[in-house]
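*Asks:* For reference, the structure I am asking about is given below.
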Amino acid sequence: MTNILVTGGAGYIGSHACKALKAAGYNPVTYDNLITGWRDAVRFGPFEQGDLGDRARLDEVFAQYRPAAVMHFAALSQVGEAMAQPGRYWRGNVCESLTLIEAAVAADCLDFVFSSTCATYGEHDNVVLDENTPQLPLNAYGASKRAIEDMLRDFEAAHGLRHVIFRYFNVAGADPEAEVGEFHRPETHLVPLMLDAIDGKRDALTVFGTDYDTPDGTCIRDYVHVCDLVDAHVLGLKWLEQGKGSRVFNLGTGSGFSVREVIDHSRAVTNREVPFVTGPRRAGDCTKLVSGSSRAETELGWKPVRSDLKQMIADAWRWHRSGHYDR
Ligand code: UDP
């Protein structure tokens with residue numbers, strides 16, 4: 004079986020990627036320090052504990068498994084935290100990714116799939132966000148991901164590191180079989196916070212800002228199901244295997260939903276009231292982030308099949324109510 008090194012394989016998206024890789028006939032080797040990941044989310048292949056910045060440990064793991072490719076999910080990813088502690092993002096995302104990339108090149112592992120973000124685009128009025136939109140991030144999270152994209156381009160020019168960059172829009176939902184799902188501590192993301200509030204596991208959701216220039220005043224995001232998202236990664240891996248070269252793909256559906264609309268859909272799916280209060284804007288948030296690109300569909304042959312908003316919330320709710328959620 005072909006080994007794929009999955010950094011962050013014990014996290015939300017990484018664990019779903021491991022499941023998809025295994026189903027596609029690969030052996031996903033999780034490399035994770037378990038600071039934000041969970042050992043019991045590693046269910047589909049071997050586990051190697053280590054820090055991204057630990058070059059000696061990385062060299063050991065590359066030598067042991069000789070992976071054909073790296074999928075790099077491990078990252079800090081909270082906008083609020085990035086605004087308050089930018090240094091953590093530059094060090095934790097950029098410096099540590101540099102160590103990983105250098106280790107991959109040294110091990111002659113030259114196919115690399117990278118999790119980037121629509122937060123690299125920043126605020127653009129009435130502009131369709133496609134892969135050629137200028138990247139003007141509003142926060143250190145987006146800026147750190149943009150820097151890693153630049154790093155990959157430099158390493159390709161110098162060392163032949165072929166890469167597929169995926170710029171995610173808002174990832175939601177969970178494995179329909181509820182083997183893995185979303186679980187962050189602390190949690191900062193809209194859908195799990197809302198489900199916690201519905202379930203009485205925490206106080207009311209705070210809606211961050213009601214004075215944005217959108218029809219109902221709340222921010223608009225493009226939500227994509229985590230299972231569809233990781234399917235794109237398997238296609239990205241095959242793209243590299245086929246020698247198609249480095250490419251950037253947005254991963255979103257092209258449909259935007261406001262925070263209020265997400266609340267309305269959640270009420271309909273769970274048949275419960277959504278306790279919420281309104282609050283001020285969260286620093287670093289863009290008004291609207293919606294993908295305007297179908298490149299992943301036309302070039303990769305990606306077809307999102309579970310990214311209907313109600314489906315995503317229903318899958319997240321099933322996971323939320325499963326025994327696995329309460330760690
Ligand atoms: N949001 C909110 N209350 C929360 C968490 C998020 O109103 O407690 C809003 C946030 O302002 C953004 C959207 O929900 O407009 C999605 O935020 P999330 O943190 O899930 O993802 P992000 O867009 O930051 O990647």
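In my numbering, the protein residues as written are 4 to 330. Note that CB positions come from ideal geometry on N, CA and C, so glycine has one too.
1. Determine the burial state of residue 139: buried for a count of at least 16 other Cβ atoms within 10 Å of its Cβ, exposed for fewer.
2. Compute the beta-carbon to beta-carbon distance between residue 174 and residue 221, rounded to the nearest angstrom, for a pair I have assumed lies under 8 Å.
3. May I have the straight-line CA-CA distance separating residue 178 from residue 230, to the nearest angstrom?
4. Where does residue 4 land, buried or exposed, given buried means 16+ other C-beta within 10 angstroms?
5. When you get a sec, list the residues whose CB is within less than 6 Å of any heavy atom of the ligand UDP, chain order please.
6. Which value, in whole angstroms, describes the spacing of the CA atoms of residue 209 and residue 202?
7. Count the C-beta pairs between the segment 81–91 and the segment 40–59 that are closer than 8 Å, then say yes if the count reaches three, no if not.
8. Mind checking whether residue 249 and residue 187 have CB atoms under 7 Å apart?
9. Is there contact between the segment 157–172 and the segment 107–127, where contact requires at least three CB pairs shorter than 8 Å?
10. I'd like the list of long-range same chain contacts for residue 193, defined as Cβ closer than 7 Å, with 5 residues on each side in sequence excluded.
11. Could you name the residues of the same chain whose beta carbon sits closer than 6 Å to that of residue 17, not counting the 5 residues immediately before and after it, in chain order?
12. Could you tell me which of 268, 115, 297 sits nearest to residue 198, measuring between CA atoms?
13. Indicate, with yes or no, if the ligand MN has a heavy atom lying under 6 Å from the CB of residue 145.
14. Going straight from the alpha carbon of residue 37 to that of residue 51, what length do you get?
15. Note the first and the last residue of the continuous beta strand (DSSP E) segment covering residue 86.
16. On a Cα-Cα basis, can you pick out the residue from 129, 79, 142, 65 that is closest to residue 104?
17. When you compare each of 106, 290, 94 to residue 150 by their alpha carbons, which one comes out closest?
18. Which residues mark the beginning and the end of the alpha helix (DSSP H) in which residue 201 is found?
19. Only counting the same chain, and skipping five residues up and downstream in sequence, which positions put a Cβ closer than 7 Å to that of residue 316?
20. Our contact map puts residue 200 next to residue 303 with C-beta atoms below 8 Å; I'd like the distance itself, whole angstroms only.
21. Comparing C-alpha positions only, which one of 211, 108, 13 sits nearest to residue 39?
22. For residue 79 and residue 61, what's the separation of their Cα atoms in angstroms?
23. Using alpha carbons as the reference points, say which of 204, 311, 291, 251 lies closest to residue 278.
24. For my contact list, residue 176 and residue 319 are in at a C-beta cut-off of 8 Å; report their separation, rounded to the angstrom.
25. In the structure shown, what three-state DSSP assignment does residue 95 receive?
26. Measure the beta-carbon distance from residue 237 to residue 27 and round it to whole angstroms, keeping in mind my assumption that it falls under 8 Å.
27. Rounded to the nearest angstrom, what separates residue 109 and residue 246 at their Cα positions?
28. So residue 19 and residue 181 are in contact, right, with Cβ under 8 Å, and what is the actual spacing, rounded?
29. According to DSSP, is residue 51 helix, strand or coil?
30. Entirely within the segment 155–239 and at least 4 residues each: give me those alpha helix (DSSP H) ranges in chain order.
*Replies:* If we stick to the structure as given:
1. exposed
2. Incorrect: roughly 19 Å between the Cβ atoms, too far for contact.
3. 7 Å
4. exposed
5. 82, 173, 191, 192, 193, 196, 208, 209, 210, 211, 222, 224, 262, 285, 288
6. 15 Å
7. no
8. no
9. yes
10. 262, 265
11. 9, 11, 76
12. 268
13. No copy of the ligand MN appears in this structure; the ligands present are the ligand UDP.
14. 10 Å
15. Here residue 86 belongs to no beta strand (DSSP E); instead the alpha helix (DSSP H) covers 82–87.
16. 65
17. 94
18. 193–201
19. 194, 268, 269, 272
20. The Cβ separation is near 36 Å, so there is no contact.
21. 13
22. 19 Å
23. 204
24. 5 Å
25. helix
26. 5 Å
27. 20 Å
28. So it is not a contact: roughly 12 Å between Cβ atoms.
29. strand
30. 193–201
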